[in-house]
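Chains as they are written, first to last, in our numbering: chain B, 5 to 248; chain A, 11 to 269.
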């Protein structure tokens, strides 16, 4: 066991590199996914069929095909004729993760916007706000806190999904767990370390996302502010006090 | 300024509205003069609220024309055909119409003041300082000057509704639509809201269309009452007259039930 720990310590700098690559994939994939989600999600609610139908097709395609096959396709098929596009493996990973999780997240965006009470749309219309103004200043700020918990779920899945990047030659966390296994010849040890490191990353991201969710909720008058949470002061009562 | 002396503020010409097979309004004709305070009464489902929603473009009429100051609003006749008026032109009319809703519908992501100044600044292009000064005046008027920076979720229903009234007035509407504005309030909060509306009725010449179950309020504020049944106006009179001696049998029944 102590031998294993020694090997782990020796491998630590390289494990760190792996974590870094995993984080690059995660952040890059998440940013792209967010962008894809808003574009497809908003297009999915458009009045014109010319936006709605393509959005639907793209969402269904990327949700309905395997992430592994998508990554392989970008990595092995794109360089072939007639495409001749050679992508950096990191770019392959980020694009595949972004499109795949973006397709799921597009449904979150669409559903959350639809969940904002119709009275809010009507009040904005009654004030003669145009569609863009209405969406930006009234609807999205209220849809955002509804999206957050679902985005957190998807982000955690994305972290774990990023392990597939090992198979397009990226030296991410998953790759170094494999190295650790080869070095120690202790399968149980290596993969247990792997589980723990992935868990640590996912849990750290969860904490960040929970903080963002609290902030988003507070912005629509629900729950304490982030500052109040971090100060550990008692949360103020958030139900409407009735003062006649 | 439109020639309000000769043109009615609001005109419905043969307006029909259906939801599926359900005919809510059927060839409705009526007009409202500028400065009139008209209360619409009638059993639920008689189309009162639909009239307000059509005027706010929250619903689209299936037939007929709606004119504001004599100008076609949502549809017009062109070459004998009824065609929709594009959004840009509708918007110019819409901004002269304000509405207060049963459920208040304040924006929870904004403070009280932000709710009031949002549209004047970003829709009408009023300078910020001017919009804020105006909003503060209005908050004073509805008795909520001290709630300027409060979150809407911290206010009682009655307070929220008074903010909603201030928000509608900040657009300086010529026509104000009040859709059952006290129906969602606890009984003890109704009086404050009605007091604010009475004050507006007395101190401004805004044309008002009121859908309410508060018959006493209707009697005090309005100068005309329209009784609706089955998507048509079945009786119309001065409030004193209709509340004391209704002529139509359905009106008599309805008033017996609500008074």
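Where is the CB? At the ideal position from N, CA and C, for every residue including glycine. Note that the structure is predicted; figures quoted are calculated from it, not measured.
Exposure of residue i, with buried meaning 16 or more beta-carbon neighbours within 10 Å
| i | result |
| --- | --- |
| residue 250/A | exposed |
| residue 125/B | buried |
| residue 68/B | exposed |
| residue 130/A | buried |
| residue 161/A | buried |
| residue 148/B | buried |
| residue 29/A | exposed |
| residue 184/A | buried |
| residue 248/B | For residue 248/B, the predicted structure reports a pLDDT of 41, less than 50, and the residue's modelled location is therefore unreliable. A value from the coordinates is still provided. So residue 248/B ends up on the exposed side. |
| residue 53/B | exposed |
| residue 85/A | buried |
| residue 88/A | exposed |
| residue 113/A | buried |
| residue 125/A | buried |
| residue 70/B | exposed |
| residue 11/A | Interpretation of residue 11/A is limited by its pLDDT of 45, a score under 50 that renders its predicted location unreliable; the figure taken from the coordinates is listed afterwards. Label assigned to residue 11/A: exposed. |
| residue 118/A | buried |
| residue 104/B | buried |
| residue 150/A | exposed |
| residue 93/B | buried |
| residue 199/B | exposed |
| residue 27/A | buried |
| residue 175/A | buried |
Within-8 Å CB hit, residue i to chain A
| i | result |
| --- | --- |
| residue 225/B | yes |
| residue 161/B | no |
| residue 50/B | no |
| residue 124/B | yes |
| residue 248/B | For residue 248/B, the predicted structure reports a pLDDT of 41, less than 50, and the residue's modelled location is therefore unreliable. A value from the coordinates is still provided. So, interface residue. |
| residue 1/B | Outside the shown range of chain B, which is 5 to 248, sits residue 1/B, and nothing can be said about it. |
| residue 127/B | yes |
Chain B contact for residue i (CB, 8 Å cutoff)
| i | result |
| --- | --- |
| residue 203/A | no |
| residue 113/A | yes |
| residue 232/A | no |
| residue 223/A | no |
| residue 66/A | yes |
| residue 108/A | yes |
| residue 101/A | yes |
| residue 12/A | Residue confidence is low: residue 12/A scores 47 on pLDDT, short of 50, so the model does not pin down where it sits. Its coordinate-derived value is still stated next. It does not: the Cβ of residue 12/A has no partner Cβ on chain B nearer than 8 Å. |
Distance between beta carbons of residue j and residue i, contact taken as under 8 Å
| i | j | result |
| --- | --- | --- |
| residue 100/A | residue 67/A | 6 Å |
| residue 218/B | residue 227/B | 6 Å |
| residue 106/B | residue 36/B | 6 Å |
| residue 168/B | residue 99/B | Not really, about 13 Å apart at Cβ, beyond 8 Å. |
| residue 172/B | residue 79/B | 4 Å |
| residue 178/A | residue 109/A | 6 Å |
| residue 187/B | residue 15/B | 6 Å |
| residue 258/A | residue 244/A | 5 Å |
| residue 116/A | residue 167/A | With a Cβ gap of about 11 Å, residue 116/A and residue 167/A do not count as contacting. |
| residue 20/A | residue 65/A | 7 Å |
| residue 218/A | residue 47/A | 4 Å |
| residue 44/B | residue 63/B | 6 Å |
Chain-ordered chain A contacts of residue i [CB-CB under 7 Å]
| i | result |
| --- | --- |
| residue 90/B | The contacting residues do not exist; residue 90/B stays about 46 Å from chain A at best. |
Chain B residues whose Cβ lies nearer than 7 Å to that of residue i
| i | result |
| --- | --- |
| residue 105/A | 132 |
| residue 118/A | 146, 224, 225 |
Neighbouring residues, chain A, relative to residue i (Cβ below 9 Å)
| i | result |
| --- | --- |
| residue 119/B | Near residue 119/B there are no residues of chain A at all, since even the closest Cβ is about 14 Å away, more than 9 Å. |
Proximal chain B residues relative to residue i, where beta-carbon distance stays under 8 Å
| i | result |
| --- | --- |
| residue 181/A | 131, 132 |
Residues that residue i contacts on chain A, provided the C-beta gap is smaller than 8 Å
| i | result |
| --- | --- |
| residue 218/B | Simply none; closest approach about 15 Å. |
Exercise. Below 7 Å between beta carbons is the criterion; list the residues of the segment 131-155 of chain B that meet it against any residue of chain A, in chain order.
Key: Under the 7 Å Cβ criterion, the segment 131-155 of chain B contributes 131, 132, 133, 137, 141, 142, 145, 146.
Quiz item: According to a CB-to-CB cut-off of less than 7 Å, which residues of the segment 128-146 of chain A neighbour chain B?
Solution: Against chain B - using a Cβ distance shorter than 7 Å - the residues of the segment 128-146 of chain A are 128, 129, 132, 133.
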